[in-house]
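J.: Going by my numbering, the sequence shown opens with residue 49, and the numbers climb by one from there.
Cβ atoms here follow ideal geometry from the backbone N, Cα and C, with glycine treated the same way.
I'd like to ask you about the structure that follows.
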Amino acid sequence: MIIRHNNDILSSEITDEALFNQRRAWLKGTGLLAAGSLLPELGQAASPKSPFSTTETPNSFEQITTYNNFYEFGTDKSEPAENAHTLKTRPWTVLIDGEVEKPIRVSIDDILKLAAAEERIYRLRCVEGWSMVIPWQGYSLSKLLKLVKPTSKAKFVAFTTLNDPRQMPGQKVNVLNWPYTEGLRIDEAMHPLALLCTGLYGKPLPNQSGAPLRIVLPWKYGFKSAKSIVRIQFTEQQPPTSWNLAAPSEYGFYSNVNPKVDHPRWSQAKERRIGEFFKRETLMFNGYADQVAALYAGMDLRKNF
Ligand SMILES: Nc1nc2c(c(=O)[nH]1)N[C@H]1C(S)=C(S)[C@@H](COP(=O)(O)O)O[C@H]1N2
Ligand SMILES: [Mo]
């Protein structure tokens, strides 16, 4: 049953990916892609393409959905794809509360209706030293956050993943503090690059990728991009985060991609793109220095790693 289910998904996705790449190749040929014009219609993949997108060639759907970090479904890269079918993504609500005038609970269907999804092709740079290029779908996180009025005390935003060991068997193992939590400063969360992500390759997010919604912060190491979020909390104090709690000297609160600040156990100067053999140079803020460096003006990035 499970195997057949996976095969069904794969065959349809491969077709979409082939069309997606054909469409990109054709657009490049006509010069339309460089001009940044809207993509021609092609089912769900026909969302407008963001000016924030990288022009690098995306990894394949197969690579993106079979090489994952999602410890709630196991710590091996292949385990989320094998195990995440137990996650139930409907009904699904997100509680937005904390330092806000009026807390709200929104359903995933209302979140999907709130704004039109666009395609954002972002590099994802994992702190472990590998990277991928992924055509995400979604809209700026700020659009959802603006639904509530934060009080004057609010300085940070905390994100919490679902906590349910029956659906997420990896939570029975104490590798991290469950539920998975992450956090951002408000100005980081409101930055237009911060993506509220509901799909990839023009399809709803596969479970192993963080269905039904996750965030993607392309200028930060991958672990800041929390998956399967059920709660967004405005806080006065910097919120605790799972990786920082697990190893505070290795994983800081900011975790901006920075080739000049090494992890205590390895260099961050280079990365291996999944599917490639030779390493590439890692770019400051993962290539988004022009857009985000101002957020950290005057900060010692060695101390605030
Ligand atoms: N809830 C949750 N979110 C998570 C993780 C996790 O284990 N649990 N892993 C993080 C890490 S380390 C990375 S690199 C990215 C991986 O995203 P991907 O599998 O979609 O490439 O998800 C991040 N979000
Ligand atoms: Mo990661």
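What is the residue span of the alpha helix (DSSP H) that GLN158 lies within?
T.: Before going on, a small fix: residue 158 reads as Asp here, not Gln. Counting along the chain, the alpha helix (DSSP H) containing ASP158 begins and ends at 156 to 162.
J.: Measuring CB to CB, does THR355 end up less than 9 Å from PRO296?
T.: No information on residue 355 is available, as it lies outside the stretch 49 to 353 that the chain covers here.
J.: Specify the secondary structure class of LYS272 as computed by DSSP and reduced to three states.
T.: It is helical.
J.: Under the criterion of a Cβ to heavy atom distance below 8 Å, does TYR115 qualify as lining ligand 1?
T.: Yes, ligand 1 has a heavy atom inside 8 Å of this Cβ.
J.: Could you pull out every residue in the same chain whose Cβ sits closer than 6 Å to the Cβ of SER303, ignoring the five residues on either side in sequence?
T.: Same-chain partners within the cutoff: LYS268, TYR269, LYS272.
J.: Using a Cβ-Cβ cutoff of less than 6 Å, which residues in the same chain neighbour GLU176 once the five nearest sequence positions on both sides are dropped?
T.: So the list is empty, once near-sequence residues are dropped.
J.: Report the rounded CA-to-CA distance for PHE109 versus LYS201, giving the unit in angstroms.
T.: Cα to Cα, PHE109 sits roughly 42 Å from LYS201.
J.: What span of residues does the beta strand (DSSP E) with ALA237 cover, start to end?
T.: Not the beta strand (DSSP E): ALA237 falls in the alpha helix (DSSP H), residues 234 to 237.
J.: With a CB to CB cut of under 8 Å and the five nearest residues on each side skipped, what residues in its chain are close to ARG328?
T.: Taken in chain order, the residues that qualify are SER179, LYS318, GLU319, ARG320, ARG321.
J.: If you draw a straight line from the alpha carbon of ASP310 to that of ASN222, how long is it in whole angstroms?
T.: Approximately 27 Å between the Cα atoms of the pair.
J.: Here's the rule: buried if 16 or more other CB atoms are within 10 angstroms of the residue's CB, otherwise exposed. What is THR208?
T.: When all chains shown are included, THR208 counts as buried.
J.: Using a Cβ-Cβ cut-off of 7 Å (strictly less than) and excluding sequence neighbours within five positions of THR105, which residues of its own chain qualify?
T.: The residues are VAL181.
J.: Using the Cα positions of LEU278 and ASN352, report the straight-line distance between them to the nearest angstrom.
T.: Before going on, a small fix: residue 278 reads as Val here, not Leu. Cα-Cα distance, rounded: 28 Å.
J.: Is it the case that the segment 210 to 217 contacts the segment 152 to 164, given that we only count it when at least three CB pairs across the two stretches are under 8 Å?
T.: Counting Cβ pairs under 8 Å, fewer than three are found: no touch.
J.: Write down the C-beta distance between ASN225 and SER290 rounded to the nearest angstrom, noting that I regard them as a contact closer than 8 Å.
T.: Rounded, the Cβ-Cβ distance is 5 Å, consistent with contact.
J.: Hey, is the segment 329 to 343 in contact with the segment 235 to 244, meaning 3+ C-beta pairs nearer than 8 Å?
T.: The segment 329 to 343 is in contact with the segment 235 to 244.
J.: For ligand 1, is there a heavy atom less than 8 Å away from the beta-carbon of GLN256?
T.: For ligand 1, at least one heavy atom lies less than 8 Å from the Cβ of GLN256.
J.: Count Cβ pairs between the segment 165 to 175 and the segment 118 to 129 that sit closer than 8 Å; are there 3 or more?
T.: In short, these stretches do not touch, since the Cβ pair count stays below three.
J.: The beta strand (DSSP E) with GLU110 in it runs from where to where?
T.: Premise fails: GLU110 lies in the alpha helix (DSSP H), 109 to 114, not in any beta strand (DSSP E).
J.: Let's test the definition: count the other Cβ atoms within 10 Å of the Cβ of TRP184 and tell me whether it reaches 16, buried, or not, exposed.
T.: Per the 10 Å Cβ criterion, buried.
J.: State yes or no: is the C-beta of GLY146 within less than 9 Å of the C-beta of PHE282?
T.: In this structure, PHE282 lies closer than 9 Å to GLY146 by Cβ.
J.: Report yes if the C-beta of GLU130 is less than 8 Å from at least one heavy atom of ligand 1; otherwise report no.
T.: No.
J.: Taking all protein chains shown into account, do 16 or more other C-beta atoms lie within 10 angstroms of the C-beta of GLU149, making it buried, or fewer, making it exposed?
T.: Looking at its Cβ environment, which holds fewer than 16 other Cβ atoms inside 10 Å, GLU149 is exposed.
J.: Does any C-beta atom of chain C lie closer than 9 Å to the C-beta of TRP226?
T.: Looking for chain C here will not work: only one protein chain is present.
J.: Considering only residues of the same chain and omitting the five flanking positions on each side of ARG153, which have a CB-CB separation below 8 Å?
T.: Hits under 8 Å: THR141, VAL142, LEU143, ILE144.
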